[in-house]
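Mapping the sequence shown onto my numbering, position 489 (from 1) lands on 1685, and the numbers just tick up by one.
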Amino acid sequence: MLRTSPCIHRRASILLAFNTVTKNPAPTLRTVLRNPRTLSVEVLAGIVTTLALIPEVISFSIIAGVDPKVSLLASVVLAISMSILGGRPAMITAAAGAVALVVAPMVTEHGVEYLLPAVVMAGLIQILFGVTGMARLMRFIPRSVMIGFVNALGILIFVAQVPHLLGVPWLVYPLFIITILIVTVLPRFTKTVPAPLVAIVVVTAITMIAHLNVPTVGDQRAVSGGLPGITPLLVPLDLETLRIITPTALSVAFVGLMETLLTAKLVDDLTDTRSNKTRESWALGVANILAGLWGGIAGCAMIGQTVVNVKLGRARTRVSTFVAGVFLLLLMTVLSDLMEQIPMVALAAVMMVVAISTVNWHSVRPSTLRRMPIPETVVMLTTVGVVVATNNLAIGVAAGALLAIVLFARRVAHVIRVERILTSDLTSVRYLVHGPLFFGSSNDLVEQFSYTSDPARVTIDFTNTQIWDASSVAVLDSVEEKYRAQNTLVSFVGLDDRSAEFHRRLTGRL
């Protein structure tokens, strides 16, 4: 009977959980433009993503304390800029909630005029992060944290839609059911047109033809009335301004980068393709500077809308994100009156379906939890809990990653093993050290030797270990001192070239 490795099973389960559409490489831009069917998929995906984007951008603008038209225009700039510059095709970038939460305190305390220099400074930090290659740090995010991130994302998206179903006219609920049925049933018959787009069009048509009095996009905040101009600089460029904007700029830069790079990794898994995280980082900085100059607020990857674009819309290229930006601009200028008529319940129902399909249900099955090591489950649940409690994906991921590091260090700290081999003539002893030496494990090493009872010659063999930090060198110095106090000659052998050089450089100097 053929057997497959656990690695293959794990990868298969991840791809199944994300409902990956294809394992083929993403089509190139030239291929899309030459293929009418593929082009239509990309265009329609961009349109439905834009419709899902609007209510969240408006809501986030209220949180940030800026005019909704400012956030919508910034989203246009971000979407179009990233469709050209970004390193992850099909990922949606716009004015996001994570950024809104970060800038809100500064806007409330000092005024919206400080937003422009803060956004430009955040963009410069992100460019620096990208060109220095620090985006590669994302490889250190553990799988358990990533799964927690995905599950928490699904919860946040779902919970954010619930208010649109509470305290509303009863007519909202039949429209909600119609939307859910179209989104879930239509794909069984055809995938030519995205089901969410059909659902939104149908429900909007029903509402307008029957003159139903239900909450609409326009009830959130007016979005018609022309575009804002170039953002004026209304504060002096002095040390006081720098003091005010620096904490906010740093937070915007790193929160935006974290959410963007995590979303890029998610899309990599969804599409089974690779992205250029370094390019994505500096491109986000450039896009944020442009959005700050014409719009006024920064942004980052919109995770929920990206899932809509990639999973429900089946988009794979930059065409969809470019169309999303252009269509949003069209809605703001030419079709603003029509946009304001879209029922909120239609958009909420679509996002609820997205939320349910986003959660990695395989990870929370009892059978999976029984097999999974307890520390992995604790990290995943901690990530979910912190994200839900703070309503901030970046904080949750940081907490989960920190906990994973601590638990990993705790596990490997106890893998050090020392064998004591005494020669037949009892004149010397040889110790064999097994396991990595770092700050967590080396502290126990000093207790593994019989300083008072060992013979006059001691050899410690490090063939099966490596030295990884200064703490380990300090411990070896301590071991040497203890043997010297007993007039015992101790020698270290078996160190690889890197460890030997590291030890030689630091020994006796700590």
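Ideal placement from N, C-alpha and C gives every residue a C-beta, glycine not left out.
- Message: As an exercise, report each continuous alpha helix (DSSP H) stretch of at least 4 residues that is fully enclosed by the stretch 1219 to 1294, in chain order.
- Response: 1225 to 1230, 1232 to 1260 and 1264 to 1281
- Could you tell me whether the Cβ atoms of Pro1383 and Gly1509 are closer together than 8 Å? Counted from its first residue, the sequence shown places residue 1383 at position 187. Counted from its first residue, the sequence shown places residue 1509 at position 313. In this structure, Gly1509 does not lie closer than 8 Å to Pro1383 by Cβ.
- Query: When burial is assigned at 16 or more other CB atoms within 10 Å of the CB, is His1610 buried or exposed?
  - Reply: As a first step, residue 1610 must be located in the sequence shown, where it is residue number 414. His1610 should be labelled exposed.
- Message: With a threshold of 8 Å on Cβ separation, who are the neighbours of His1699 within its own chain once the five nearest residues in sequence on each side are excluded?
- Response: Your numbering for residue 1699 matches position 503 in the sequence shown. Closer than 8 Å at the Cβ level, and outside the excluded window around His1699, lie Ile1663, Val1669, Leu1672, Phe1688 and Leu1691.
- Task: Identify which residue in Pro1411, Ile1612 and Leu1486 has its Cα closest to the Cα of Phe1372.
- Result: As a working note, residue 1372 is residue 176 in the sequence shown. Checked all of Pro1411, Ile1612 and Leu1486; the closest Cα to Phe1372 is Pro1411.
- Message: Considering only their Cβ atoms, is the gap separating Thr1502 from Ile1343 smaller than 8 Å?
- Response: Counting from 1 along the sequence shown, the entry for residue 1343 is found at position 147. Counting from 1 along the sequence shown, the entry for residue 1502 is found at position 306. Cβ atoms of Ile1343 and Thr1502: not closer than 8 Å.
- Query: Between Ser1695 and Phe1658, which are expected to be in contact by the criterion C-beta below 8 Å, what is the C-beta distance as a whole number of angstroms?
  - Reply: Within the sequence shown, numbered from 1, the residue matching residue 1695 stands at position 499. Within the sequence shown, numbered from 1, the residue matching residue 1658 stands at position 462. That pair is a contact at about 7 Å.
- Task: Measure the beta-carbon distance from Glu1455 to Cys1496 and round it to whole angstroms, keeping in mind my assumption that it falls under 8 Å.
- Result: Counted from its first residue, the sequence shown places residue 1455 at position 259. Counted from its first residue, the sequence shown places residue 1496 at position 300. Going by Cβ atoms, the distance from Glu1455 to Cys1496 rounds to 5 Å, so yes, they are a contact pair.
- Message: Please tell me whether Leu1577 and Val1583 are closer than 8 Å, where the distance is taken between their beta carbons.
- Response: Within the sequence shown, residue 1577 is the residue found at index 381, counting from 1. Within the sequence shown, residue 1583 is the residue found at index 387, counting from 1. Not a contact, by the Cβ cut-off of 8 Å.
- Exposed or buried, which one is Ser1471 when buried takes at least 16 other CB atoms within 10 Å? Stepping through the sequence shown from its first residue, residue 1471 is reached at position 275. Buried is the call here.
- Count the other C-beta atoms from every protein chain shown that fall within 10 angstroms of the C-beta of Thr1459, then say buried if there are 16 or more, exposed otherwise. Residue 1459 sits at position 263 when you count from the first residue of the sequence shown. Result: buried.
- Query: Assuming Val1228 contacts Val1515 under a Cβ cut-off of 8 Å, what Cβ separation, rounded to an integer in Å, is found between them?
  - Reply: Start at 1 with the first residue of the sequence shown, and residue 1228 comes out as number 32. Start at 1 with the first residue of the sequence shown, and residue 1515 comes out as number 319. Confirmed, Cβ separation roughly 5 Å.
- Please state whether DSSP places Pro1539 in a helix, a strand or coil. Walking along the sequence shown from the start, residue 1539 turns up at place 343. Of the three classes helix, strand and coil, the one that applies to Pro1539 here is strand, per DSSP.
- Starting from Thr1655, follow the beta strand (DSSP E) in both directions and report where the run begins and ends. Locating residue 1655 in the sequence shown gives position 459, where the first residue counts as 1. It spans Arg1653 to Asn1660 - the beta strand (DSSP E) in which Thr1655 sits, taken as one unbroken run.
- Message: Quick check on the burial criterion: 16 or more other C-beta atoms within 10 angstroms. Buried or exposed for Arg1566?
- Response: By one-based count along the sequence shown, residue 1566 stands at place 370. The residue is exposed, with fewer than 16 neighbouring Cβ atoms inside 10 Å.
- Query: Would you call the stretch 1256 to 1267 and the stretch 1238 to 1246 touching, i.e. three or more CB-CB distances under 8 Å?
  - Reply: no
- Task: Indicate the three-state DSSP secondary structure (helix, strand or coil) for Ala1696 in the structure shown.
- Result: Taking the sequence shown and counting its residues from 1, the one referred to as residue 1696 is at position 500. Helix at Ala1696.
- Task: For Gln1357, collect the residues of the same chain with a Cβ closer than 7 Å to its Cβ; drop the 5 residues on either side in sequence, then sort them by chain order.
- Result: As a first step, residue 1357 must be located in the sequence shown, where it is residue number 161. Hits under 7 Å: Ala1544, Met1547 and Met1548.
- Query: How is Ala1497 classed by DSSP in three states: helix, strand or coil?
  - Reply: The residue given as residue 1497 occupies position 301 in the sequence shown. Three-state DSSP puts Ala1497 in a strand.
- Start-end ranges of the alpha helix (DSSP H) lying completely within the stretch 1396 to 1443, minimum 4 residues: 1413 to 1416
- Item | Cβ distance (whole Å) where Thr1517 is taken to contact Ala1286 below 8 Å | In the sequence shown, the residue the question calls residue 1517 occupies position 321. In the sequence shown, the residue the question calls residue 1286 occupies position 90. So it is a contact: roughly 6 Å between Cβ atoms.
- Message: For Thr1375, tell me which candidate among Val1398, Ile1499, Val1574 and Gly1488 has the shortest Cα-Cα distance.
- Response: What you label residue 1375 is simply residue 179 of the sequence shown in a count that begins at 1. Nearest C-alpha to Thr1375: Val1398.
- Query: In its own chain, which residues sit with a C-beta less than 8 Å from the C-beta of Ala1595, not counting the 5 before and 5 after it?
  - Reply: As a first step, residue 1595 must be located in the sequence shown, where it is residue number 399. Cβ neighbours of Ala1595 beyond the five flanking positions: Thr1578, Thr1579 and Val1582.
- Message: Three or more C-beta pairs under 8 Å: does that hold for the stretch 1345 to 1361 against the stretch 1551 to 1563?
- Response: yes
- Task: Apply the 10 Å Cβ neighbour rule to Tyr1310 and answer buried if 16 or more other Cβ atoms are within range, or exposed otherwise.
- Result: Residue numbering aside, residue 1310 sits at position 114 when the sequence shown is read from its first letter. Buried.
- Assign Leu1362 to one of three DSSP states: helix, strand, or coil. Position 166 of the sequence shown, counted from the start, is the residue given in the question as residue 1362. It is coil, neither helix nor strand.
- Secondary structure of His1610, DSSP reduced to three states: Residue mapping note: residue 1610 aligns to position 414 of the sequence shown, counting from 1. Reduced to three states, the DSSP call for His1610 is coil.
- Query: The beta strand (DSSP E) with Arg1332 in it runs from where to where?
  - Reply: Taking the sequence shown and counting its residues from 1, the one referred to as residue 1332 is at position 136. Unbroken run through Arg1332: none, as it is neither H nor E.
- Can the beta-carbon of Pro1232 be found less than 8 Å from the beta-carbon of Thr1513? The count along the sequence shown starts at 1 and reaches residue 1232 at position 36. The count along the sequence shown starts at 1 and reaches residue 1513 at position 317. Cβ atoms of Pro1232 and Thr1513: not closer than 8 Å.
- Query: Between Gly1307 and Asn1484, is the Cβ-Cβ spacing less than 8 Å?
  - Reply: Within the sequence shown, the letter at position 111 stands for residue 1307. Within the sequence shown, the letter at position 288 stands for residue 1484. Contact: no.
- Mind checking whether Val1295 and Ala1494 have CB atoms under 8 Å apart? Locating residue 1295 in the sequence shown gives position 99, where the first residue counts as 1. Locating residue 1494 in the sequence shown gives position 298, where the first residue counts as 1. Cβ distance < 8 Å, so Val1295 and Ala1494 count as in contact.
- Below 8 Å on the Cβ atoms is my guess for Val1266 versus Pro1424; work out the distance and round it to an integer in Å. The sequence position of residue 1266 within the sequence shown is 70, counting from 1. The sequence position of residue 1424 within the sequence shown is 228, counting from 1. About 6 Å; that satisfies the 8 Å criterion.
- Item | Bridge partner(s) assigned by DSSP for Val1689 | Here residue 1689 refers to the residue found at position 493 of the sequence shown. Beta-bridge pairing links Val1689 to Asp1657.
- Query: Looking at C-alpha atoms only, which residue of Asp1621, Thr1619 and Val1642 is the closest neighbour of Val1629?
  - Reply: Stepping through the sequence shown from its first residue, residue 1629 is reached at position 433. The option with the nearest alpha carbon to Val1629 is Val1642.
- Which residues does DSSP pair with Val1629 in a beta bridge? To locate residue 1629, count along the sequence shown from 1; it is residue 433. Paired residue(s): Val1614.
- Query: Would you say Ile1378 and Ala1401 are within 8 Å of each other, going by their C-beta atoms?
  - Reply: Here residue 1378 is taken as the residue at index 182 of the sequence shown, counted from 1. Here residue 1401 is taken as the residue at index 205 of the sequence shown, counted from 1. Not a contact, by the Cβ cut-off of 8 Å.
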